[in-house]
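K.L.:
Numbering (this note's numbering), first residue to last: 2 to 538.
Just so you know, even glycine gets a beta-carbon here, dropped at the ideal spot from N, CA and C.
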Amino acid sequence: MAKPAALMLQGTGSDVGKSLLVAGLARAFTRRGLKVRPFKPQNMSNNAAVTAEGGEIGRAQALQARACGAAPSVHMNPVLLKPQSDVGAQVVVQGKVWGNASARDYGALKAELMPKVLESFRLVSQDADLVLIEGAGSPAEINLRDGDIANMGFAEAADVPVVLIGDIDRGGVIASIVGTWTLLPPSERARLKGIVVNKFRGDVTLFDSGLDVIARETGLPCFGVVPYFAEARRLPAEDALAMEGYRNHKGSPPPRPSPVEGEGEVGLGGPMFPPPLRGRVRVGGNHAAGSDTDPIIRVAVPVISRIANFDDLDPLIAEPDVVVTFVRAGEAIPGDVDLVILPGSKATIADLAFLRAQGWDIDIAAHLRRGGQVLGLCGGYQMLGTIVRDPRGVEGAPGEVSGLNLLDIKTDLSGDKTLNETTGTELVSGAAVRGYEIHMGRTSGPACARPMLKLGDRSDGAVSPDGRVMGCYLHGLFAADGFRHAFLTRLRERPASGLAFETEIEAVLNRLAAHLETHMNLDALLRTAQRRDPQIA
C-alpha cells in the first residue's frame, strides 16, 4: 500500500507556533483541493475538545480538523496528557482515560503507547491525501529521547520527513535552530528537510544573512520566513502557555520594540504594529473604576493553577464592549467588575485551595455584596457549591473540601467521565446554546431545581434564588451569538455588537491560510511531504 503524503512540523521549543502553522497549512492545502488531515502523536494540554465518538483530543487538533473541513477524531491525537499536578497527569489514550501517571511512570509507559499511536496514524492516513503532523516541545530534549513518541521517535517509526520551526519573536532563533540540529544524531538530522522561521516582525530581507548562517551550519533550506500574524490570538489556544499572549491589551498595539531586537538577529523598521484586535484583554487586577454610564462590560477571571478550557472566554474577549481581566496569583479581583467567571479546572479541590490562598473567595464575596454576578463553568461550577468530594482520588489525593457555598449543590468526583457534544437553550433568555461537556463528577442539590440550561431532555447547572450566581457544565456556550448578547445585556444594556463569532473564526483561518501562501513555499513543502524516502526508514 502506497504511503500517503505526510509532513511533520517540529519546533525548537514549546509555543513556537506549530499548532497554528499546521492549522493554516491545513486550510491552505484544503483550499487547493487536497483531503488534508491533522495528527499529533502526543499532546499535553488541559484545553480539550470532544469528538463525535465520545472521546477527547487536544483543542488544537480540533481546530486543525476544522481547518481541513473534517470532523475531529480521537485518532488525530491518540495520546493526550492532562496535567493535574506539578509531577503527574491524567493519560488519555485514543480518546478515553487510561489512568493517572507521574512523569517518571509515564516515561516507562511510552513504549507501550507507540503501537496505539502508529495505529491511529494509519487510520488517519487512510482518509487523506496529506497528513500534517505536529510535534510536541522540541526534538532536542535528548534526555527524553528513549521511547519518544512525540517527535523524532514517531518520525522514525512512521517514516515521515520533518520541518523544523523556530520562533524569532522570542530571540535566539539562529542558536535554537543550529543547536537543535547539532544535538540530533545523524539519522534524525537526515529527516530534517528544511526550516521555517516564524513570528517575524519588520523587514524580512534584514534576516537574509541569518538564513545564510543557518544554511551554512546545517545545510537546511528555508521554506519561509513567516511574519507575525496578530490575528492568531483570535483562534483557540492549545494550552496555558498561550495565555501569556494576553498580556498585551488587545484593543491597542503592543509596546514598540527597540530598533534592533532578537539578540542582533533582526533589524526592525517601518510599519511594524500588528492591526489591533477587536476585543480587549487586561492582565492584572488594577484599573480605574467605571461610571454608571460606562458602556464597557468588565469581566474578571481568576487564573487558577490548573485552568482548563479557557478558550470558553474567547467570544467575550472578541466583543468590542467587553474587557476581560485575567487576575493572576497575588492580585486582587478588581472591585468594579460586573461579572466574575470561575473557569474550568483539571483539579477542582486543589484549585479551590489555590483560590482561597489568593484571597479570591473574600474578593468574590465582596463582589456579590456590591451587586455583582458570578458564573462558574465546569470545575468553576463545582467550586460554587457546598462541598466537593473525591473519595477515589480521581483528581489527586482522596478527600473532600468545602466549596464557596454560593449554590446549594454538592459534587462527587466519581463515576465515568462525561464526554459529549450537545445543544440546548438557556432558560432565562430562551436563547440557543451549543457546546460540549467534559468532566468528572456528578452534581446534585436543591439549587439544581433552578437549572441554568436545558440540554435536550435534561437540565444542566444551577442558579441562585436571586439569579446573581449561576453555573453549568457546558463548555463553549459563549460562542452562540444570541445567547452571548442576551447574557451580556443582563449585565448592562447594550446594542448587539454584530459579532458572529464562528463566522469570524472561519474568516481568520482563511486569512491565516492566505498569509502562509504568501510567505511560505507551499509547493516545496508538498513535494517534501510526497517524497517519503524509504532509504532512511
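1. To which residues does DSSP link Tyr382 through a beta bridge?
2. Pairing CB atoms from the stretch 28-37 with CB atoms from the stretch 108-122, are three or more of them under 8 Å?
3. Helix or strand or just coil, what does DSSP make of Thr412?
4. Can you give the Cα-Cα distance for Met441 and Thr419, rounded to whole angstroms?
5. Taking the Cβ atom as the reference point for each residue, do Thr13 and Ser210 lie within a distance shorter than 7 Å?
6. What would DSSP say about Asp352, mapped onto helix, strand or coil?
7. If contacts are defined as beta-carbon pairs under 8 Å, then Leu414 and Ala448 qualify, I think. What distance do you get, rounded to the angstrom?
8. Buried or exposed for Ile363, please, with buried defined as at least 16 other CB atoms from any protein chain shown within 10 angstroms of its CB.
9. With burial defined as no fewer than 16 other Cβ atoms inside 10 Å of the residue's Cβ, what is the status of Ser20: buried or exposed?
10. Do you know whose CA, among Pro296, Val75 and Met45, lies nearest Glu57's CA?
11. In angstroms, rounded to a whole number, what distance separates the CA positions of Leu165 and Phe230?
12. What's the gap between the Cα of Val125 and the Cα of Ile298?
13. Based on DSSP bridge pairs, tell me the residues matched to Gln91.
14. Does Ile298 come out as helix, strand or coil in the three-state DSSP assignment?
15. Using only alpha-carbon positions, find the residue among Gly331, Gly345 and Val324 that is nearest to Val338.
16. State the Cα-Cα distance for the pair Ala515 and Gln62, rounded to the nearest angstrom.
17. Would you tell me roughly how many angstroms separate the C-alpha atoms of Ala159 and Ala66, rounded to the nearest one?
18. If I follow the unbroken beta strand (DSSP E) through Ile318, where does it start and stop?
19. From which residue to which residue does the alpha helix (DSSP H) around Leu513 run?
20. Check this for me: beta carbons of Ala309 and Asn44, under 7 Å apart or not?
21. Measure how close the beta-carbons of Val205 and Pro5 come, nearest whole angstrom, since I'm counting them as under 8 Å.
22. Does the distance from the CB of Arg393 to the CB of Glu401 come in under 7 Å?
23. To the nearest angstrom, report how far apart Arg512 and Leu353 are at their CA atoms.
24. Would the stretch 93-112 and the stretch 369-376 be scored as touching if the rule is three or more Cβ pairs under 8 Å?
25. Give the straight-line distance between the Cα atoms of Gly336 and Trp361, rounded to the nearest whole angstrom.
26. Among all the DSSP beta bridges, which residues are the ones paired with Met9?
27. Nearest to Gly373 by CA position, among Gly462, Tyr437 and Leu489, is which residue?
28. Only counting the same chain, and skipping five residues up and downstream in sequence, which positions put a Cβ closer than 7 Å to that of Gly462?
29. Tell me which residue opens and which closes the alpha helix (DSSP H) that Val214 is part of.
30. Check the C-beta distance from Val300 over to Gly167 and give it rounded, since I have them as a contact under 8 Å.
31. Please classify Phe40: does DSSP put it in a helix, a strand, or coil?
32. Taking the continuous beta strand (DSSP E) assigned at Asp417, which residues delimit it?
33. On the DSSP bridge list, what partners appear for Lys455?
34. Going by DSSP in three states, Pro258 sits in which element: helix, strand or coil?
35. Taking the C-alpha atoms as reference points, what is the distance between Gly425 and Gly483?
36. Report the start-end ranges of each alpha helix (DSSP H) in the stretch 140-203 that is 4 residues or longer and not cut off at the edges.
P.N.:
According to the data block:
1. As a position in the sequence shown, residue 382 is number 381, starting the count at 1. None, per the DSSP bridge assignment.
2. no
3. What you label residue 412 is simply residue 411 of the sequence shown in a count that begins at 1. Residue state, collapsed to three classes: strand.
4. Residue 441 sits at position 440 when you count from the first residue of the sequence shown. Residue 419 sits at position 418 when you count from the first residue of the sequence shown. Rounded to the nearest angstrom, the two C-alpha atoms are 6 Å apart.
5. Sequence index remark: in the sequence shown, residue 13 carries index 12 (1-based). Sequence index remark: in the sequence shown, residue 210 carries index 209 (1-based). No, the pair does not count as a contact, with Cβ atoms beyond the cut-off.
6. For the purposes of this step, residue 352 is taken as residue 351 along the sequence shown, with counting starting at 1. Asp352 falls in the helix class under three-state DSSP.
7. Here residue 414 refers to the residue found at position 413 when the sequence shown is read from its first residue. Here residue 448 refers to the residue found at position 447 when the sequence shown is read from its first residue. Not quite, the Cβ-Cβ distance comes to about 18 Å (not below 8 Å), so this is no contact.
8. For the purposes of this step, residue 363 is taken as the residue at position 362 of the sequence shown. The residue in question, Ile363, is exposed, as its Cβ has fewer than 16 Cβ neighbours within 10 Å.
9. Against the sequence shown, residue 20 aligns to sequence position 19. Ser20 should be labelled buried.
10. Residue mapping note: residue 57 aligns to position 56 of the sequence shown, counting from 1. Among Pro296, Val75 and Met45, the Cα nearest to that of Glu57 belongs to Val75.
11. Walking along the sequence shown from the start, residue 165 turns up at place 164. Walking along the sequence shown from the start, residue 230 turns up at place 229. Their Cα atoms are separated by approximately 19 Å.
12. To locate residue 125, count along the sequence shown from 1; it is residue 124. To locate residue 298, count along the sequence shown from 1; it is residue 297. Their backbone Cα atoms lie some 44 Å apart in a straight line.
13. Position 90 of the sequence shown holds residue 91. Beta-bridge pairing links Gln91 to Lys83 and Asn101.
14. The sequence position of residue 298 within the sequence shown is 297, counting from 1. Ile298 falls in the strand class under three-state DSSP.
15. In the sequence shown, the residue the question calls residue 338 occupies position 337. Nearest option by C-alpha distance: Val324.
16. Residue numbering aside, residue 515 sits at position 514 when the sequence shown is read from its first letter. Residue numbering aside, residue 62 sits at position 61 when the sequence shown is read from its first letter. Whole-angstrom Cα-Cα distance: 20 Å.
17. Here residue 159 corresponds to residue number 158 of the sequence shown, with the count starting at 1. Here residue 66 corresponds to residue number 65 of the sequence shown, with the count starting at 1. Answer to the nearest angstrom: the Cα atoms are 21 Å apart.
18. Here residue 318 refers to the residue found at position 317 when the sequence shown is read from its first residue. Where Ile318 is concerned, there is no enclosing beta strand (DSSP E), although the alpha helix (DSSP H) it sits in stretches over Asp315 to Ala319.
19. On the sequence shown, position 512 is the one that residue 513 refers to. Element bounds for Leu513: Phe502 to His520.
20. Within the sequence shown, the letter at position 308 stands for residue 309. Within the sequence shown, the letter at position 43 stands for residue 44. Result no, Cβ atoms of Ala309 and Asn44 do not sit closer than 7 Å.
21. Position 204 of the sequence shown, counted from the first residue, corresponds to residue 205. Position 4 of the sequence shown, counted from the first residue, corresponds to residue 5. Not quite, the Cβ-Cβ distance comes to about 33 Å (not below 8 Å), so this is no contact.
22. By one-based count along the sequence shown, residue 393 stands at place 392. By one-based count along the sequence shown, residue 401 stands at place 400. Cβ atoms of Arg393 and Glu401: not closer than 7 Å.
23. Against the sequence shown, residue 512 aligns to sequence position 511. Against the sequence shown, residue 353 aligns to sequence position 352. Near 40 Å, if we compare the C-alpha coordinates of Leu353 and Arg512.
24. no
25. For the purposes of this step, residue 336 is taken as the residue at position 335 of the sequence shown. For the purposes of this step, residue 361 is taken as the residue at position 360 of the sequence shown. Cα-Cα distance, rounded: 12 Å.
26. Translated into positions along the sequence shown, residue 9 becomes position 8. Per DSSP, Ile134 and Val163.
27. The residue given as residue 373 occupies position 372 in the sequence shown. When only C-alpha atoms are compared, the closest one is Leu489.
28. Walking along the sequence shown from the start, residue 462 turns up at place 461. If we look at Gly462 and ignore the five residues flanking it on each side, its Cβ neighbours are Tyr382, Pro452, Met453, Leu454, Met471, Gly472, Cys473 and Tyr474.
29. By 1-based counting over the sequence shown, the position of residue 214 is 213. Looking at the DSSP string, the run of the alpha helix (DSSP H) that includes Val214 is Asp209 to Thr219.
30. Translated into positions along the sequence shown, residue 300 becomes position 299. Translated into positions along the sequence shown, residue 167 becomes position 166. With a Cβ gap of about 36 Å, Val300 and Gly167 do not count as contacting.
31. Start at 1 with the first residue of the sequence shown, and residue 40 comes out as number 39. Strand.
32. Reading the sequence shown from its first residue, position 416 is the one you call residue 417. That residue, Asp417, is in no beta strand (DSSP E); it is neither H nor E in DSSP.
33. Here residue 455 corresponds to residue number 454 of the sequence shown, with the count starting at 1. According to DSSP, which records beta bridges pairwise, Lys455 is partnered with Thr426 and Ser460.
34. By one-based count along the sequence shown, residue 258 stands at place 257. For Pro258, the pLDDT reaches just 30, beneath the cut-off of 50, and the residue's location in the model is therefore unreliable, leaving the point undetermined.
35. If you number the sequence shown from 1, residue 425 lands on position 424. If you number the sequence shown from 1, residue 483 lands on position 482. About 13 Å.
36. 153-159, 174-184 and 187-190
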